[in-house]
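Asker:
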């Protein structure tokens, strides 16, 4: 049973470009969470999605960031017009049910570097 | 404000020393508690978790943690650390009122051979 998959593992973008980060949850998991880890800091929640629905995006910056989890395919975290401050590790996690009732399984992360 | 606090930012130990990493949370009500480890360049791995029952939880690699409800704490312990335990350790909390897992800032553990 494959774990949570994320790609790419490393992504380099110039300021102003778009970054697309992909996350495939574990088989059977329909709940996906995105977190951002800045250097020397813990993980910060960004968004929680179920298939075709955004459930909670309270941790998402209001501009330039968006997320989706379509009926088919991986969840996508999209960052438009990236800036240097977006450089971070972005982790995806999945769970079979709502987070309060179960643990989350984390992917290997995507390290975004904005030059 | 609701939060998870890890008071030790960086801990340096020699091999065979005992380890205790502090974790305190400020959420009321029922909580689920976790400790994750992140080895350099790798993703988070679950060390142990507490949902209910015995407040002393045993995890992988010889780690254990004790949930003390009256102190809002979930400290991580290991009686004898190894060089391979060098990593960053994160405490995390989930509650029924939140949709996400709340993390502490992490404690970096360096074990000297």
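Chains as they are written, first to last, in this note's numbering: chain A, 1 to 115; chain B, 1 to 113. Beta carbons are placed, not taken as given, at the ideal position from N, Cα and C, and that holds for glycine. Just so we're clear, the structure is a prediction, and the values are computed from it rather than from any experiment.
Kindly indicate the opening and closing residues of the beta strand (DSSP E) around residue 115 (chain A).
Answerer: That residue, residue 115 (chain A), is in no beta strand (DSSP E); it is neither H nor E in DSSP.
Asker: From residue 78 (chain B) to residue 86 (chain B), what distance separates their C-alpha atoms?
Answerer: 13 Å
Asker: Counting pairs of Cβ atoms below 8 Å between the stretch 27-40 of chain B and the stretch 51-58 of chain A, do you hit three or more?
Answerer: Segments in contact, no.
Asker: Would you tell me roughly how many angstroms separate the C-alpha atoms of residue 96 (chain A) and residue 7 (chain A), rounded to the nearest one?
Answerer: Whole-angstrom Cα-Cα distance: 21 Å.
Asker: Which one of B:81, B:74 and B:70 has the shortest CA to CA distance from residue 23 (chain B)?
Answerer: B:74
Asker: Can you list, in chain order, the residues of its chain with a C-beta nearer than 7 Å to that of residue 29 (chain A)? Leave out the 5 residues immediately preceding and following it.
Answerer: 94, 95 and 96
Asker: Would residue 103 (chain A) and residue 46 (chain B) be called neighbours here (beta carbons separated by less than 8 Å)?
Answerer: yes
Asker: Please name the residue, chosen from B:43, B:15 and B:32, that lies closest to residue 89 (chain B) on a Cα-to-Cα basis.
Answerer: B:43
Asker: Mind pulling the chain B residues with CB within less than 8 Å of residue 59 (chain A)?
Answerer: By Cβ distance, chain B contributes 100.
Asker: Do residue 89 (chain A) and residue 77 (chain A) have their beta-carbon atoms positioned less than 8 Å apart in this structure?
Answerer: no
Asker: What residues from chain A crowd round residue 69 (chain B), counting only those whose CB sits closer than 9 Å?
Answerer: Against residue 69 (chain B), chain A offers no close residue; the least beta-carbon distance is about 17 Å (beta-carbon pairs closer than 9 Å).
Asker: Quick one: what does DSSP say residue 69 (chain B) is sitting in, helix, strand or coil?
Answerer: helix
Asker: Taking buried to mean at least 16 other C-beta atoms within 10 Å of its own C-beta, is residue 38 (chain A) buried or exposed?
Answerer: exposed
Asker: What beta strand (DSSP E) runs, 3 residues minimum, are completely inside the stretch 16-86 of chain A?
Answerer: 19-24, 31-37, 43-50, 53-56, 65-68 and 75-79
Asker: Can residue 8 (chain B) and residue 107 (chain B) be called in contact, C-beta distance under 8 Å?
Answerer: yes
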